[in-house]
Every structure is written in C-alpha cells, then in structure tokens.
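So the structure is just underneath, and the comments pick up after that.
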Amino acid sequence: MGKCKFQLKWLENVNFKTWLQPVSGKNDEGFCGICRKAFKLGTMGIGAVKSHMQCDGHKSAVRAKQQTTNVMSSYFGVTDKSTSNVNNVTTTTDAVTTVCGAANITTAKSSDIRSTFGSNATLQAEVLWCLNTAVHHHSYASNDGVSELFQAMFPDSEIVKSFSCGKDKTSYILKFGLAPYFKNQLITAVNNAGPFVLMFDESLNHSTKNKQLDVHVRFWEAGCVQSRYLGSQFMGHSKSEDLLHHFKKCVHLLDLKHLISISMDGPNVNFKFLNNLQQEHGELHGGRQLISVGSCGLHTVHNSFKTGFSVWNIEKLLRAMHYVFHNVPARREDYTKLTGTSLFPLPFCGHRWVENLPVAERAIEVWPKLKEYVEAVRRKELPNPGTSSFDTIEAANKDPLILAKLQFFMAISRTFCPFLKKYQTDEPVLPFLCRDLTELMMSLVRRFIKRELLQDITPFKLTKLDTDDQKNWINASLTDIGLGAESVLKVMLLCNSLTAFFLCMAKVRSSSLSNPWSNDLILSFTKLSTRLILSFGVSFNASCFYLMGKLQ
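So this is what it looks like as structure tokens:
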C-alpha cells in the first residue's frame, strides 16, 4: 500500500488550520506549529493528523499556549484570542506604561501579571517555606498540595492566592536559587576571613552506593569561630590520589594560601593524602606547610579503650547476650516465662566502645536471669538454641570472674566517658587537649603504678613510663579495680563460690598475665601515649595557648 500525501484542503478544517502546516519538499509529512515538530502521514492520511491532535503531548502544548495567551491578555488588554495579534502587545504596553507613569496609580484589575506570577511578598513566602522544608529535613513530596491547603486555611490572604510551592518548585528554589546563593556567601566570607581550617570525612552513602566525602570549613568571623558545611563529593575508589582529586574539586573556589591545617580521621590513606597535599601546597604557595595536628583523637581514645579489653573478649560476650534473643520470638517467650522479666540485653556498638556503658549495666542486671536460662537449657527444660551466641554465654557462665570483669569494664568506661563527651564538640578545644588527656592517662596508671613514680611527673615523662615493668606495679591486691568489681570479689569470698574463686586466681597466677587488671590498663595506656602524644607532639605544644590565657 502506498504512502498518503499531504492535502492542502486539510488546512481549511477548523480543527487543523491553527496549527497544521505542510512540510516543504516532503509531501508525506505534516508539521505541527504548536509542538514544533513534523510527523509522518504513512498510510493513515488524515487519520495521522487526527491521531497527532489527540496525543497527550499535543494537548499539553495547546493548554500551555492557551494559558500564556490568557496571561498576556489579562495584563496587556489583548482581546483577540488568536496568536496573530500578539504583535499589538508592544503598542498596548507603551500605552499602559505611559498612563501609569502619568497618573501614578495602578490598574484595578484583580488578574494582573503579579497575581499570576507572584509578587515580592509571595516570593518571600515561598522562599521562607522552602527554607523551613530544608531546616526540618522534610521531603520535597511533603509540599504537594500545600498551596491548596494554605488557601483553605487563609482564604482572605492575597499572598496565598498566588502562593505555589509544590515538590518540583521547592526543589528548584533550593537547588538552583538558595544553595548557590549561600555557597557564594560562604566562599566570600572564608576568603575574607584570613586563615582557615578544612575538615573532611568520608563514609558510605547507602542511597547512591558511593563513598561520600564531606568537607567542612572552620574560620573566624564576627568575633567567634564558625564551622560550616562546604560541600560533598561522591567517589568509588578512595585511594590517596582519589581523595586529593575530589578534595581539590570541592575547595577550588577557596584561597588556599590562607589554609593552615587539615582535620581528619586516622586511616593511613588519610595521612598519605595529607603528605601529597603538603607537597603540592608547598609548591604552589612558596614552600608553605600546613600544621599537622594529627587525626581525630576521639577515634584513638575509643580504640585504646577497645584494645584494653580485647584480651577478655568482652565484646564477644555482650554481642552474644543480645543476639541470642534478637528477632527470635519463641526464645524470648521462653526466657520471659522462665524468669518472669521482659528485660533483655541491649545491642553492643562495635565502633563506639564507650557508648556501651549502658550495655554493660544492662548485662550485669540481667546476668542472674540469663544464668537461669542457661541452666534450664542444660537441664533440657528448654530447647537448646544451638547457636554460637549461646555457646559464648555458656562459656562465660563457667568463668567465676565474669561479673567482676564486667564491673571493671564499667569502671574504666566511666573514666573515659567525660573526656569523650567534652571533646565531642565543634568548639576549638585543642589548647586543652594536653591537660585533659594527661589527666585521663594519669587516672589509668594511678590504678596500678606505684605512687612514688607518679610524684610530680610531667606529661612527657608520663609517655616514657615503663608500664610493662612489673617492678613499677603495686601489689595485685592493691590494684584499683573499682568498687563494683571489689564488691563482686568480696561476695565470692563470703559465698560458696570460694573454691571456684581460688581455682580461678591460681589459674591467673600461673599464666603470663600475672595481673589481668593491670594488663588491660597497660594496653589502653600504651595506645593513648603512642598514637596521641608521641606521634603528634604539636597537639600538646598547643597547650601553650591555654597557659597564655591563664596568665592573661
């Protein structure tokens, strides 16, 4: 079957004449003046024209053109609805402008251009609403239908009548309007502030499945230190070269000759990145070097606490206590019926050990009930879970010192927590780090080192203290293990677990760890001194600022 040809008589059809046009040189096609595109006639002929007229794209284009024509007519007074008279707009505009300028009045029409597109007051309301959406972390979709809601709530408001702030408009205003404005304001403020510090951290973005590199800037403004978010970069590989490339993309608008330091976490790849940045920074800025204050000390303190208790496998036990009942309704029901309590162990946090103080407290609280459960399983009154978590609990139940170890864990946690809570802040606290960290380390060594060795000891001499030499230890019976652990040991001496206690102590004396309490403290102390003091002395030299402030 042959192809149909364009017929000029179609242009006389009232449904087609306003938009249909022939295509020069192609008699088998038609052109839509509204959609601004050609379409094939094929074997359908006029049916193809009708089909195009009924398609959603054409209908949307027609509606958009009608709305534009109505807006122009309402503002400029164009009464002819055809688009051919739009050329008269210029003359009408000049007339309206002249009259308004001479009389200094506005027209009384209620449907002028400002009511259609929004006045300054309306725009201000929309911007404030977008800022409210961002500040309260609302989704863009939550703004769908908000215009109709406000019109129903405030029917007498002129602003609400032209207020329009749905999902897409909120996104556009925030991303393409407000975000660039605030970014430029921040860049200008930092470049005018003088010296500044950049901080970065990278972590997995679970939505994009990429690693997200966040960069913050800290600078002096309005008489105080400002810490502001600068931007983010997304990457796959995160080698030192990748970090440097994406870091430079994020900070390229800053005047880096005023950069004085980089704050970061402690992975080795970050230190390689810092070395590369130091070299490049020196080449670009006349040999200038950044001040290296090391990595985030909070991670080191957390890890030192973790290292101290790694010998006892406290982490393994606390995890097992939680997981043996986690998402197992039948087992939880058996436990509740047997013990008469619905109190269960809390989940253990593996990357923030000092957050586990409540976990240890709950473990001590439920341990007697958990022992009942273990004994009931042993007597075959309850089904054996048959999991590694239950095996861990069963092994811990045979350790007569397990409660004392948990109490000792709590005592050391309470020593670390004040320091970590104080330094989990955006405030500039580096000058106080030496004093507070020295006191933290002293609180550890006072528990097992002879008093005469600690008399008038300086922070530097403290790092040189040989904690591995048992000659420097006090008697094991005098080791400060905390009131909770001491109470547990006293109860063991007075109860019928006396035999088990002496068997356990004999096992301890025969092992290489002649004082298990001291060895845990030594591991924590060594980690602190080597990673925070000996590696990054500048952090402690900064304490001079604290002393200068005291003198002033």
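Sequential numbering of the sequence shown, starting at 108, is according to my numbering.
Even for Gly, the Cβ is constructed at its ideal location relative to N, Cα and C.
**Asked** When the distance is taken between beta carbons, is SER370 closer than 8 angstroms to MET428?
**Response** no
**Prompt:** Residues in its own chain within less than 7 angstroms of TYR430 by CB, not counting five upstream and five downstream?
**Reply:** SER496
**Request:** Would you tell me roughly how many angstroms separate the C-alpha atoms of ALA329 and VAL297, rounded to the nearest one?
**Result:** 12 angstroms
**Request:** Take SER347 and list the residues in its own chain whose beta-carbon comes closer than 7 angstroms to its own, dropping the five residues that flank it on each side.
**Result:** VAL376, LYS379, PHE380 and ASN383
**Request:** Would you kindly check if the distance between the Cβ of LEU285 and the Cβ of CYS237 is under 8 angstroms?
**Result:** yes
**Request:** With a threshold of 16 other CB atoms inside 10 Å of the CB of ASN227, please say whether the residue is buried or exposed.
**Result:** exposed
**Sheet register partners of SER345 (DSSP bridge)** = SER345 is not bridged to any residue.
**Asked** For the candidate residues TRP474, ASP498 and VAL473, whose alpha-carbon lies nearest to that of ARG485?
**Response** ASP498
**Message:** My parser needs the alpha helix (DSSP H) runs of 4 or more residues fully inside the stretch 398-432; what are they?
**Reply:** 404-415 and 421-430
**Contacts around ASN321, its chain only, beta-carbon distance under 6 angstroms, and the 5 residues preceding and following it disregarded** = Going by the sequence as given, residue 321 is Asp instead of Asn. These residues qualify, in order along the chain: ASP308 and SER339.
**Prompt:** Beta carbon of HIS353, beta carbon of MET342: below 8 angstroms?
**Reply:** yes
**Item:** Cα-Cα separation between ILE398 and ILE280, rounded to whole angstroms
**Value:** 40 angstroms
**Request:** Go ahead and label LYS112 buried or exposed: buried means 16 or more other beta carbons lie within 10 angstroms of its beta carbon, across all protein chains shown.
**Result:** exposed
**ASN122, DSSP secondary structure in three states** = coil
**Message:** I'd like to check one pair, TYR480 with LEU445: are the Cβ atoms closer than 8 angstroms?
**Reply:** yes
**Residue span of the alpha helix (DSSP H) that contains TRP236, given as start and end** = 227-242
**Message:** Here's the rule I'm using: 16 or more other beta-carbon atoms within 10 Å means buried, otherwise exposed. How should ASP272 be labelled?
**Reply:** Just to set this straight, residue 272 is Cys in the shown sequence, not Asp. When all chains shown are included, CYS272 counts as buried.
**Request:** Report, in whole angstroms, the separation of the C-beta atoms of LYS172 and ILE141, which I expect to be a contact under 8 angstroms.
**Result:** 6 angstroms
**Message:** With distance defined between alpha-carbon atoms, name the residue in PHE303, HIS409 and LEU560 nearest to ASP362.
**Reply:** PHE303
**Item:** Segment limits, beta strand (DSSP E) that includes ASP563
**Value:** Run containing ASP563: none; DSSP gives neither H nor E here.
**Request:** For ASN317, write down the residues that DSSP places opposite it in a beta bridge.
**Result:** ASN312
**Item:** Residue burial classification, ASN463 (beta-carbon count within 10 angstroms, cutoff 16)
**Value:** buried
**Prompt:** So, do the stretch 576-594 and the stretch 514-528 have three or more beta carbon pairs nearer to each other than 8 angstroms?
**Reply:** yes
**Buried/exposed call for LYS529, threshold 16 Cβ in 10 Å** = exposed
**Item:** Whole-number beta carbon distance between LEU425 and VAL466, since they are thought to touch under 8 angstroms
**Value:** 6 angstroms
**Request:** With a threshold of 16 other CB atoms inside 10 Å of the CB of SER588, please say whether the residue is buried or exposed.
**Result:** Strictly speaking, residue 588 in this sequence is Ile, with Ser absent from that position. Burial call: buried.
**Request:** Please classify GLU468: does DSSP put it in a helix, a strand, or coil?
**Result:** helix
**Prompt:** Whose C-beta lies closer than 7 angstroms to the C-beta of GLY373 among residues of the same chain, with five residues either side of it excluded?
**Reply:** SER402, CYS403, HIS406 and THR407
**Prompt:** Does DSSP put ALA329 in a helix, a strand or coil?
**Reply:** coil
**Message:** Between the alpha carbons of PRO538 and ALA248, how many angstroms are there, rounded?
**Reply:** 46 angstroms
**Identified DSSP bridge partners for TYR336** = HIS323
**Prompt:** Of the residues PRO566, ARG335 and HIS159, which one's Cα is nearest the Cα of ASP533?
**Reply:** ARG335
**Request:** Flag this pair as yes or no: are the beta carbons of PHE289 and PHE270 separated by less than 8 angstroms?
**Result:** no
**Asked** So LYS478 and ASN504 are in contact, right, with Cβ under 8 angstroms, and what is the actual spacing, rounded?
**Response** 6 angstroms
**Message:** Looking at VAL418: is its Cβ nearer than 8 angstroms to the Cβ of PHE451?
**Reply:** no
**Item:** For MET306, the residue or residues it bridges with in DSSP
**Value:** HIS323 and SER370
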